[in-house]
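Please read the structure below before turning to the comments.
Residue numbers (our numbering), protein chains in the order written: chain A, 1 to 463; chain B, 1001 to 1463; chain C, 2001 to 2463; chain D, 3001 to 3463.
Given below as structure tokens:
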């Protein structure tokens, strides 16, 4: 065999969601063109003997350079976020283009596109957050954007960008026209508001009361409602960040009656409980996210749902706020829990945490790890060239040393958040080399500086 | 034995929810004071040999002399409605005191009290419909009314008197202070509005489209939401008029996890399907009610839920509108389904229909019939002197001829509605004599004319 | 009122499963003939002011004077057992007439009838244990016995009197001919035998290994199987002594699909866990019964099932073995757990334990207590004159002092077992006076000595 | 690229369970060594442009050359069966080595090995049917066979080779030692025997009564029991040929509580109902199999279970009996249903029927088809080199023309059964070329005659 490739990954153990093979991989023009026992030489070669060659991670839920209602950016730019993602073995991320009141959808999306184009190191796509369906011409705009490959809409049932039921149905109906997937943050706003008010009135302002304010019943209620709306319009819905046993059971029941519902969870729901919030002073604020972490019993329900396929994907919900006056502490050290920004960094730790918890622990096999971190997210959003090492697919790889142990430090992430909520945990298994469309972007702890090389990928969710 | 009673019911088969006995009943001062094999003489006597003596029916869901938002009354006054109820073997009814926007609660309730006092032939109580929780001082007013024995609040999730989630929680919290039961009409308004609009846009204006507009998923959604709110506040909720298998399953699951949820259904859900709406012209409008009748499969689910106790009571939801320009046809013969008043008469037929369907059919025993039509409604609302033939209880009886066959005619009801949606059906079993607090109010087809003799009974729901 | 009665219970609070009344009770010829505010004089009178007058307990699962396969009797005669029952407020018990291999059914039953006739202080009936369906003419014998009012058959899926599936179907089919109820001890024999053998092989002989040998899965398996057999033949089945959450769920599911299944549990499953077995030496043997006590989680499932009606009755499963060489220790102090007789005394403590746990605790109301201890057992087995205080019913009463506290001693029961497994527990509420068919059999701690006054009652299960 | 391969499949669309690629496949020494956009020349080449290249089917449930209790063979030899399989796109089959009473396991297996070695055209393995666990030294024999790669044991709960519960636990425990999977035909024998006897007694002897004799409750009971045994011993169990909604629900519940249970169904349960049995004369006997076909509602439950992964694989349960005196009609034309051999041919039609019902219908995608017919069976039984087109895997391919329509004739199968129960049905999609370990065994309707080229593959079930 005298083939020449742009890149060869040689001698690794190639892992896909449906099986494992010892093989070389030949890459040309950013795509996999040969998988074989022994391929010809590549212009460059990556030695992978003794290593696992996995599809690059696909993280379909992260907040990057996102502008809030008052015009402020969150802590990460496309540069810092995609750098962090790449270090963690992720080669595709789907972040948000957030509409605010009075903004038309198309310019909003185009603005995010421009900024990603400048900064992204890896490939990306967007969910369109619709918060003002009456601004512009909803259905027309959705269809126009869908034609450009923007086919995922995110809605909220809480926060000030929430939609009421009437608007949710309106947006779902528009999504149906566009062939879009609907993603939803499902927590009942009235329950949260009621519990927040009662907590504050009782002087319960510490971060740990965030967990009681976001009652598990708020999730149970809104998940059930979104499922019924999905059934009513026959519109596929992906339930973001399921955190409770109740949520799991609602999803399972819906699937058993044939509903077109999918579900996601995140590492912090699988690996943390709400006890993290109960730390001295404001320290607990580092762990605040919505919905909050829950109990060990919920963790078990989530793992079991992953095993059975009732939850199909694990994303980071990377929501970057520094633990200082520019982020979490913007409202001062005495701010009550409801005035502290919600969110945790996760783009970089998602894959290593899950590799450790799933594979190194022996609880799941490698294929299942690939399934929930790469191939399922790709399949659900219709990222046809992602999520698998397959002829014609994008040459996005994470080359793992399954034995390498890493203990997280406070400040070792490559995002711009400045703390690591998993500080002190040791994981086994690490993505040492990362390849994006044939380019080695991480090697020996060094990152490529070719920001802007990332490309937008079109979404084709299976509707 | 030489006792003297005001009234003796002699020689009947006395049926309670927990058993049957051959016994005479002695009544003094409107109360049962003796149940025995052979009691002394009464000032008056009712011969009941060969007859069944049952507790008078308790119908805890009926609309009487109720004022709508625009000030119009429904078709029945307290006179006509309680007359009709009595003919049907019902001796207690709970109707509504409806608050409209800008009205304070206490005067609203007092107004209904005054009107009932004038007209009621049998005993009665009220549910307070709260539609404007911000008018007046909600919590204070609820507590004041509770002290007067008004301890049931009705809320809606649809219609123009609906409350949003925030207000529902507010009302439930107030109910908790008063020790009130919350009753709820649970259908998702946005789903109904969406489906109505689509139907109208497609020219689907006939009555039968009422059934498709009120999607079964609208019920499933709102029932689930109300259950979660009940769990969140630990506030008992009675789900009115469950019509679907989904509704039944949600109630069952809630009860299995220990939630304080009760459920009601009505004869038209047990005995009719939505095919009734599909009649020529506007004829189907006679059968329009909300939620609409469903399918045979739903009927089976409802019967099974009654058998298991997941649904505890069967009420009429008597909602009287004449089939003319004063009622159903107020918006003219071309009115689309959504401009036709919802509701059917039922106070008079409830008990005979159920006796036939439950007892004469052999499907249930007499005790179960008493349970769902009298003793459970009384127990749930805390009508301690009603629902059973027991020493100290009010002497409210319906004396049934179990063999009498009656075929309903078009115009044989004693309400003011003018049609009978069950016209043409033959039932076996009829309440020939009816006694209210010791007074014979119906005998040989003749009604007492002592309107105003009915008294308000205080509610003490088990909270 | 100048009526004369044999007995009057005066001034008590009369409690039935469906309600409570202040009333006197007049009794003639052993039956209730008057319930009234103020009845005439009785030949004898019981003062019940400030006391609760409840239907006497109906204990439909107890082993009395039962002969084992090797001809030995258990520790209680009809004298000692019914004396003990009466002291505990129980006025009817259903024990067993046990067929052993090679015995014909009718003489077996007649033998038990004769012995009960001599000794019983209160009323009684029998379950026929069928262990050799091929001896005699099964169907014919069952029908003959049914005509005599013996209409309950008990079968086992474990122990040496167990039946295999083929024989179980054969017996169920015969029961169907007789209109009998099938009662079943449902534990999978092969699982128990396997686990017992493994335990013994590992030297695990202490009483606590009884609980591991009787795996909860043994119950889950056999309960499921019996339910399917019941469904296959449309034959009602009462599952005895459900002890696990799994058992509860299987019963619930069966009932939801309309199966004719009922279920029972016992105080020791509601109030004890298997930790009782883990005591020094053989002390744990005092608590050995089959199935064994389980966990707190199972207790919660059982209480919830009682609340919802999925379990309908609580019996004692009184199985009397002395804690000496005539009973538990017959095989010596070194006997492994599988050679120690299973069973605990319970006839006398059942009602006080439940009164305390249900009523005094505030968890349930008095009516529910009556329901599960008296009226439901009576209804299920068709003991028409038992389980309620009603005109025409047998005058079986237990008159409770709801405030009396009693602490159980080691040796204060009136059976012949010699120990009380509930020793040391204090209960609130005690049946101070007990009346059986109009005769005061217990008063001020003194028992009537009229052994043999008890009568056999005929069973008419609702089939 | 100048590589030389033994075989190249060129230009096809390669389909695996987790994705689709346009690629050539290079094969050497019977294994896939290259998958690439453009591979070098092969000693032979298969043109696959416009065709789908799928992993060869893996049929893990078929009866081949199996000897019954009385020494008779079923209709197919390894030659005829594997020929038929190959024509249908299947390249691996797992048939049975059946122990009968008094036979030791190892010689039984060796006998089947010898016969397969002579006749098999494609690769194969065996399930060991254990019917006499007391013959020989069970645990030792199982371990010895496991070391040789025989790691699947089949047991029956019905038929004369059934095991009772004690023996089933014994065999499961031995399987645990060997690391074997337990496969089970789960129907309650006593129910079937009872229903058969009643049917025969009533003169109901026609084939259609086979369906009533094999009550759906027989499956429900035995499936539940086998699941509990699996849970008790923590031993993985594969439930063969699930046919009912009840079976599906039991499997689902078991999986949700974490049990190690897998389930299989067959095309005739997915595509036929029991109405097939109701044909004139004995014609219905052609469709008799156990369990029998059920209802449309069951079909829906099975499809939904496949969609959700509760059922993981679809096999043929090929059980070949000719419709003559050597097979179905061996007991004459008047034989009652219970004396007619059960079973239908299916090796050849399985894949085309499913391709049509799943893929051509649009109900599922190609990946799901590969999953349930090839990759899942391979994964569950640990056939590491089968079920996927992957470097290092065996070069077993079925090359499909997705557009070819074929109407089944009466006599067009290549087995030795002589009829096709799917006669008259038209399917879209056909496997035109079939490759087994690099050898083209079917091409243009012509089969290779190299019987004996098939090799035994070792099983390594994931335990």
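Note that the Cβ used here is the ideal one computed from N, Cα and C, for glycine as well.
Close Cβ partners of residue i (< 8 angstroms) along its chain, the five nearest in sequence each way excluded
| i | result |
| --- | --- |
| residue 314/A | 264, 265, 266, 267, 270, 306, 350, 354, 372, 373 |
| residue 1/A | Since pLDDT at residue 1/A reaches only 45, below the 50 mark, its modelled position is unreliable, and the value read off the structure follows with that caveat. Taken in chain order, the residues that qualify are 36, 38, 39, 40. |
| residue 2969/D | Limits of chain D in this structure are 3001 at one end and 3463 at the other, which puts residue 2969/D out of reach. |
Beta-carbon gap between residue i and residue j smaller than 8 angstroms
| i | j | result |
| --- | --- | --- |
| residue 3100/D | residue 3320/D | no |
| residue 1077/B | residue 1122/B | no |
| residue 1165/B | residue 188/A | yes |
| residue 2333/C | residue 2282/C | yes |
| residue 995/B | residue 1111/B | Nothing about residue 995/B can be reported from this structure: the residues present for chain B run from 1001 to 1463 only. |
| residue 284/A | residue 360/A | no |
| residue 1347/B | residue 1316/B | yes |
| residue 1322/B | residue 1387/B | no |
| residue 2341/C | residue 2327/C | yes |
| residue 2167/C | residue 2143/C | no |
| residue 3301/D | residue 3245/D | yes |
Close Cβ partners of residue i (< 6 angstroms) along its chain, the five nearest in sequence each way excluded
| i | result |
| --- | --- |
| residue 2447/C | 2083 |
| residue 1425/B | 1408 |
| residue 1108/B | 1097, 1099 |
| residue 3080/D | 3415, 3416 |
Cutoff 7 angstroms; reference residue i; Cβ partners in own chain excluding five residues on either side
| i | result |
| --- | --- |
| residue 22/A | 13 |
| residue 218/A | 187, 188, 191, 192 |
Residue i: contacting residues in chain A (beta-carbon distance under 7 angstroms)
| i | result |
| --- | --- |
| residue 1166/B | 190, 193 |
| residue 3018/D | 16, 17, 18, 375, 388 |
Within chain A, partners of residue i - CB distance below 9 angstroms
| i | result |
| --- | --- |
| residue 3391/D | 14, 21, 22, 23, 24, 35, 36, 37 |
Members of the segment 2194 to 2207 of chain C that neighbour chain D once the beta carbon cut-off is set at 7 angstroms = 2194
Whole runs of the alpha helix (DSSP H) within the segment 3357 to 3429 of chain D, excluding any shorter than 4 residues = 3366 to 3370, 3376 to 3381
Residues in the segment 170 to 193 of chain A with C-beta within 9 angstroms of chain B's C-beta atoms, listed in sequence order?
-> 170, 173, 188, 189, 190, 191, 193
Kindly provide the ranges of any alpha helix (DSSP H) runs that are 4 or more residues long and lie completely inside the segment 3264 to 3327 of chain D, ordered along the chain.
-> 3267 to 3271, 3296 to 3308
What residues from the segment 3208 to 3234 of chain D come within 7 angstroms of chain C, judged by C-beta to C-beta, listed N to C?
-> 3215, 3217, 3220, 3221, 3224, 3225, 3228, 3231, 3232
Runs of alpha helix (DSSP H) lying entirely within the segment 1031 to 1118 of chain B, each at least 4 residues, in chain order | 1078 to 1087
Would you list, in chain order, the members of the segment 2236 to 2261 of chain C that have their beta-carbon closer than 8 angstroms to a beta-carbon of chain B?
-> 2252, 2255, 2256, 2258
Interfacial residues, the segment 1298 to 1319 of chain B to chain C, with Cβ spacing under 7 angstroms = 1304, 1308, 1309
Whole beta strand (DSSP E) elements within the segment 2168 to 2201 of chain C, 3-residue minimum = 2181 to 2185
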